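In what follows, a single structure is set out as structure tokens and then discussed.
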Amino acid sequence: GCSNSPASAPGSSGGQPKRGGHLRAAFAGGGAAETLDPHLSNLFADAARAKALYDKLADYGSDMTARPRLAERWEPNDALDRWTVTLREAEFHDGRPVSAADILYSYRRITDPKKAYRAKASLEPVDLEASRATGPRTVEFRLKRPTAEFPNVLAAFGAYIVPDGTDRFDKPVGSGPFRFVSFTPGRSARFTRNDAYWDGAPHLDALDIVVADEESARLNALLAGQVDYAHELSPSTARAHEHGGRVTIVRLRNSAMQGFVMKTDRPPFDDPRVRQAFFLIADREELVKGALSGAGTVGNDLFGKGYEYYADDIPQRRQDLDRARTLLKAAGAEGLRVTLDTSPVAPGFVEAAGIFRDQAARAGVTIDIRTGNKDSYWKDILDSGTLAGYRSGAMPIEAHISQRLLSGSTTNATHWRRKDFDALYQQMQSTKDTAGRSALYERMQRQLHTEGGFLVWGFADWIVGTSPRVRGVATDAPANTLDWARFDTVWLA
Amino acid sequence: MTSFRPWILRRLLTGLAQTAAVVVLVLALTEALPGDAAVALAGDDPDPARIAAIRQALHLDRPVHERLAQWAAGLLHGDLGTSLASGRPVAGLLAEAFPPTLTLAVLTVTLLVPAGVGLGVLAAHRAGGLLDRLLSTAALGVYAVPEFVLGVLLTAVLALWLPLLPPTAVGVDNLLARPAVLVLPVLVLLARPVCSLGRLVRAGMADALAAPWSVHARRCGLPPARVRFAHALPNALAPAAQHLARTVDWLLCGVVVVEALFAVPGLGTVLVNAVAARDLPVVQGLALLFGLTAVVLNLGADAVAYRLAPRAEAAA
Amino acid sequence: MTDAVRVRALRVSIGGRTVLDGVDLTALPGRVTALVGPSGSGKTTTGRALLGELPPDARVSGEVRVPRGPVGYVPQHPASVLNPARRAGALLRDIARRQVRDLPRARRRAAVDERVRAALAAAQLPDATSALSRYPHQLSGGQQQRLVLAQALLLGTRVVVADEPTTGLDVLIKQRVAGELAALARQGIAVVLLSHDLAVVRALADEVVVLRAGRVVESGPPDELWARPRHPGTRELLDAERAETRGARAEPGPVVLRAHGLTAYHRGAPPVLRDADLEVRAGERLALVGRSGSGKTTLARCLSGLHSRYGGTVTLDGRPLPPSVRHRDRERLAAVQYVFQDARAAFDEHRPVLDQVARTAVRLRGTAPERAREEALELLARAGLPETLVRRRPGALSGGELQRAALARALLARPRVLLCDEITSGLDAPTRRRVLRLLTDLAAGPGGPALVLITHDPDAAWLADRIAVLDGGTIVEQGPAARVLAAPAHPFTRALADAYASTGEGRG
Amino acid sequence: MSKARYLPGALLAGIPLLLALAGPWLAGDAGPRGTSFTGGEGHWLGTDFAGRDVWRQVLLGGQSVVTVALAATALAYAVALPLGLAAALTHRTWLEETLTRPLDVLLAVPSLLLILLVASVHPPGRAGLTLLAALVTVPDAARTVRASATEAASRPVVEALRTQGESWWRIAVGYVTRCTARTLAADLGIRLTGVLYLVATAAFLGVGAAPDAADWAVMVDRNRPGLFLQPWAVVVPALLVLGLSVGTNLLCDAALDRKDHPK
Ligand SMILES: Nc1ncnc2c1ncn2[C@@H]1O[C@H](COP(=O)(O)OP(=O)(O)OP(=O)(O)O)[C@@H](O)[C@H]1O
Ligand SMILES: Nc1ncnc2c1ncn2[C@@H]1O[C@H](COP(=O)(O)OP(=O)(O)OP(=O)(O)O)[C@@H](O)[C@H]1O
Ligand SMILES: [Mg+2]
Ligand SMILES: [Mg+2]
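Encoded structure:
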């Protein structure tokens, strides 16, 4: 009875699923900071473990639409500020059924004002004081304002459901496809099949999630058969081994937006002509080739390529140095000199800065690159500097806007604060029909495309390697979506 | 020689002061890093409110010296504090990361001493000769190769091309239970110190073997091996002992690269992660550990030097 | 005859200089063959040729035949052949162990110990336990000498080359060591003795070969040689005439250097010098005598600021003298100069001797380098060292030559007090006379140094105005030389006086 | 004959030195970027991780390595030698303690941690990196100097030189250093290599030089992922670094051996 969720993810190669086997998957980790508390999960390894043990009410499909998971269905009222969510029949590993109380407990735990759980900001629209269980398996969520995209909240990163009252995670109990066996932070975690899983028991007998921080270690382990699945490989690794036959390379497209952010409220970028000139300076192909080693596609200064509501109709922007020069001249910014903040927070980041510097030089703009500390980079660029490297994982376009582009957004790195834009967003959230919302999304995106602060030059593939006997790995699942790092649908041939 | 004991005692006392200095230095540097544990925990979602909340929850809003004092007070009760990033006790965390590092270090040193000394003695056997040149050049070559390059090469050949050995220790919780995974890391760890130790020993040996007292020992009919090992070697060892102490220190604290390459979750990994997470209690705990190790090792090396150059009373 | 050492027409030239020029020598088993000759005549070089250890750049012709197997060797400078990082016991046991290899394992240890003890006793180091546990630098010069001798005795070779084996030994021990060498020869070993000590040579040798400037000028049994020396050089060499009867003398002036209640010790050991009082007056010559190991060198080192682990006071002109050279200013450094017992160890092996000698004047008197070299050359020449010699590095000088260079180095400071530690031990009689004359002349001159002569040589002691006798770290007797030697109170002083008398008789 | 012994060292060290010196002049302008880790298209050593021409990067990348390594080693020894000698020559315990204990504190901080921290606090330029590398090298080098000088410093010659009123420098450098020259030269060579290695490892950990800097040591690390696609980007700079360090060490050896056997 789960019409909305795919019965089985599209496999990397066909064949009849086989039961049994023990799969070892290698992820980059965070050492002792790793945790099994799904609300704290921050790293990909944490997320993969959380996904094995727990469920969310909803999760994202490959186009970032929310797909029901523990929720069987959801229905809004007309004002879109009261949503009734009906749970499916599912049980935790200890046999207790998943109930409305568990949902409310989990959400209240996440939004605990004294704590700082990851999904706290995403759950902000929900008024949990007023929300209540209307039956053992129905929850009525009261929202602080109309929210047409409320399902996105249910699918938010880290909004996992834990049993009511849980506060310790040394022997975690969830409703997910695998049961907990053991865990050593920074090293390995072991899980076994949950035969009673509501979405059908996994094919695998057991799953190990092991940690190898270094990419080459993950690759070598994969090549030597120490692991069967290696998460996050580099584009050059992919190219080197794609046709070797020893490993299967899976490219998860559109996983990470790559770009630069310009502070739209400070010189020189407070002048839209300068921002446009910068849009035109970027040679996106060169950036993708050089910084992503070709593993990605070009961007069009908009977030969410391939996602629901993405404005595909807006023509692709190309490098035009003459126009860029003209615009700069018009803005009185000839011989412009700006500082570009960057930091080795992700592969390709610093390279992109270097490439862009060279491109800008051809338009008469001098860019000084300042390499910041990678551990505090995101905080540092939020309010200081004028131009900085940026990247973002997958999330619905709505989430991108609400978190980064509204006057009250907490991580508004472009300082994009427009009353008219905010109004469009509110209007969109209050619009019930999809077509109407779609039109509003397009208007917002057009505005961002012409004068926004995000210079999005590309979308990086997320590269996963598996041993050839691993089947059922989803190929079109950007990182953090439902089918990414999903091991209940995987089997060993 | 009766003054040996007070000397050690005094050195241990200054050692404690030194360790305190190390802790403070490391703390000051870590504190000077941009951002704090809250910022690091927030990562790419640096919501100011969230950061403020984390900061409050971790007591990061209190001044450093207060936190340091509290940590020191805890230390007196044998409590190293709790990790900011994971909320787990630091002592337990270090205790978990120590065995892999110790295993690697002990194994490496056990092989290093005979190999390095042997190489040096062999090369010094005929200083300037063909064997010496070959050995020296090879040693220099290997010494100049950083671990990450050597690691890649050895892994490519021994683990991937001729699949003789497992390339990483990924997912292995007890290294000693799967000794095969230790071979590559130990080889890589060994490579550089063997070469540097060998060169120092060679230099010392060449001088010692040319000294008149070596000539006299040979003249007295002592077999060449005895002259080499019992007479010349001790005189060549003082700098080598210093170097060895440094190497052990490095093995215990600085094998970040090898741990990363072979996915061995030891102290180096903890260190890098702790710095990245601005996890001060862990960094302090590590600094304490490093400081104490260094004090003990330096003391050992000085004691050896004291014994090997008895004429030099100044060493005490 | 196969056991004989045979040297025929040996020519050695080093660095273009002919050091040996047609040396013939035969040393028979069971006999002591002595090689005598002035300092620098080639004795050590001959000895090294027997060992096959001439420097790599030496050009050698002629024939050297030595029986197979190792050759026992007592080098002239014992300090350099003792491994600084090995205790005396280990050095001896290493050798002894080779001798007991055919014994059953269980008995080897005891046998080794027994042999080591026997060798030590034979080398006159009876206090075995304490000596064995010491490092070489913790032994006195004479003790080191005997340790090396013990090594040679332990070796059990068929040939022993002993280069100045009795330097640094006091008269009593010297006689006993000579006795041991004779006993060695009686065991059928060929002993080649290179020595300046004519008393020992005459008492011990069966055959004496006289070298002069690298040539053998004559040879024969000692009695014959002493009775009828053919070569004028030999006559001069063998003439045991006393240096000079005290020479010219200045009236002793005020006290320059005074040590009061000096108690010196080494790290972690009982004091080696106890409550010593000593005065040195301007223009005076003081002989410091005593058994080997009695603390003479230590006393001198305390005075000269090289040993600062002591209690008590040292004053110069009534003002306290800093215990360490590091704290002495230029003037006070220059005022008290020390000539090292082991000259070879006191020179930098990398630099020419002349440069090193001249530096004293440059550093301590502020003389211009050119002028300092001239002064140094002049002084060295007076000590019998020509310019060609001193332009070389220390390695190319003989033991006696270096000893004189060391003396010149100290003298160049124009010291007020000169502490001479066994500076004549490595010199032949004529050279010794020459050096002593040089010293006394300088001392008698205006502003000349007061001399403290640490010596085992009765001649040198005789030269002194006053004698102080050290025994076991205590000054047991002190007074005018004539009185002390005429009416010795202490057994050691008595032995010294006897030895003096006997050499005096030797002179006839 | 005597010249010949310098030949291997001179050749090995000469090529990298020459490239480092002349490279920046020969490099010319940056052409357009290609795809990373490919060969051909006018890139005769292929492209690097950022699609740049490897040969051009090689030409540009020597200067920083060579200057940092040489300057840091020289600087480290300029500090460590007097410190180590002073510690070996002094008899004053307090002086020795004040000289060596602070260094021991530095020594007790693992050098990579120190670099990691300092470089993160203040991203260093070339000069900063040099200072940093020198800083972490000094304590170790000073200890080695002290250990090897202690024996020579306790010889009677030193006492004789002191009674001669010889200056500290002459004793320390003129005698003690000379006696320990062989060990020190071996150590110096090792330090030079150590600094090269340090720069490379710092790059591995993501500090020190900018990640896309033209720098042989950085290139080796950054181009590692493409080793199986386009080996030259790793192999060439690695060989140059190797040649530099082996060559200088061989030169040291050759010079010393000559001094020891004057003919
Ligand atoms: N570093 C040391 N540690 C312990 N004992 C020492 C040390 N140096 C010398 N001694 C001992 O001190 C005593 C006195 O030594 P010193 O060198 O003063 O004797 P000396 O009278 O000069 O003898 P000689 O005539 O043999 O040169 C000797 O017994 C010697 O073994
Ligand atoms: N390596 C050398 N190079 C040049 N000349 C040397 C060398 N070694 C020794 N000589 C010279 O050879 C001569 C003989 O030296 P040798 O050491 O044999 O003399 P000796 O008879 O033992 O003198 P002493 O009684 O002073 O020890 C000396 O004049 C010395 O300067
Ligand atoms: Mg001689
Ligand atoms: Mg003495």
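Protein chains in written order, with the numbering used here: chain A, 13 to 505; chain B, 6 to 321; chain C, 32 to 539; chain D, 254 to 516.
All residues carry an ideal CB built from backbone N, CA and C; glycine is no exception.
As the structure is a computational prediction, the values presented were derived from the model and not from experiment.
Our contact map puts residue i next to residue j with C-beta atoms below 8 Å; I'd like the distance itself, whole angstroms only.
{"i": "Val262/B", "j": "Gln23/B", "result": "Not confirmed; about 26 Å, so no contact."}
{"i": "Asn114/C", "j": "Ala245/B", "result": "Contact flag wrong, Cβ pair sits at about 17 Å."}
{"i": "Glu363/A", "j": "Ala303/A", "result": "4 Å"}
Around the C-beta of residue i, are 16 or more other C-beta atoms found within 10 angstroms, so that it is buried, or is it exposed?
{"i": "Arg224/B", "result": "buried"}
{"i": "Trp469/A", "result": "buried"}
{"i": "Trp308/D", "result": "buried"}
{"i": "Glu419/D", "result": "buried"}
Any idea what DSSP makes of residue i, helix, strand or coil?
{"i": "Cys225/B", "result": "coil"}
{"i": "Gly47/C", "result": "coil"}
{"i": "Lys301/A", "result": "helix"}
{"i": "Asn266/A", "result": "strand"}
{"i": "Lys68/A", "result": "strand"}
{"i": "Glu453/A", "result": "Per the sequence shown, residue 453/A should be read as Tyr rather than Glu. Of the three classes helix, strand and coil, the one that applies to Tyr453/A here is helix, per DSSP."}
{"i": "Ala218/A", "result": "strand"}
{"i": "Gly447/D", "result": "helix"}
{"i": "Gly120/C", "result": "helix"}
{"i": "Glu46/A", "result": "coil"}
{"i": "Val357/A", "result": "coil"}
{"i": "Glu405/C", "result": "helix"}
{"i": "Asp139/A", "result": "strand"}
Does the distance from the CB of residue i to the CB of residue j come in under 7 Å?
{"i": "Thr390/D", "j": "Pro151/B", "result": "no"}
{"i": "Gly103/C", "j": "Ala183/C", "result": "yes"}
{"i": "Ile485/C", "j": "Asp459/C", "result": "no"}
{"i": "Ile56/B", "j": "Ala37/B", "result": "no"}
{"i": "Thr64/C", "j": "Ala58/C", "result": "yes"}
{"i": "Val489/D", "j": "Ala470/D", "result": "no"}
{"i": "Arg525/C", "j": "Pro511/C", "result": "no"}
{"i": "Asp306/C", "j": "Thr294/C", "result": "yes"}
{"i": "Leu135/A", "j": "Thr146/A", "result": "no"}
{"i": "Gln238/A", "j": "Val175/B", "result": "yes"}
What does residue i reach in chain C if we use C-beta pairs closer than 9 Å?
{"i": "Thr446/D", "result": "Within chain C, no residue comes near Thr446/D; the closest Cβ sits about 28 Å away, beyond 9 Å."}
Given that residue i touches chain D, what residues does it touch there, using C-beta distances under 8 Å?
{"i": "Ser248/A", "result": "Ser289, Phe290, Phe302, Pro478, Gly479, Leu482"}
Report the neighbours of residue i on chain B: residues whose CB is nearer than 7 Å to its CB, in chain order.
{"i": "Trp390/A", "result": "Gly48, Asp49, Pro51"}
Report the neighbours of residue i on chain A: residues whose CB is nearer than 9 Å to its CB, in chain order.
{"i": "Ala470/D", "result": "Those do not exist, as Ala470/D stays about 16 Å from chain A at its closest Cβ, beyond 9 Å."}
{"i": "Arg245/D", "result": "The structure shown has nothing for residue 245/D, since chain D only spans 254 to 516."}
Which bits of chain C does residue i rub up against, with CB to CB less than 7 Å?
{"i": "Pro217/B", "result": "Ser111, Val112"}
{"i": "Ala246/B", "result": "Simply none; closest approach about 12 Å."}
What does residue i reach in chain D if we use C-beta pairs closer than 7 Å?
{"i": "Phe103/B", "result": "Within chain D, no residue comes near Phe103/B; the closest Cβ sits about 15 Å away, beyond 7 Å."}
Within 7 Å of chain F by C-beta, residues of the stretch 358-369 of chain A in sequence order: The structure shown has no chain F; the protein chains it does contain are A, B, C and D.
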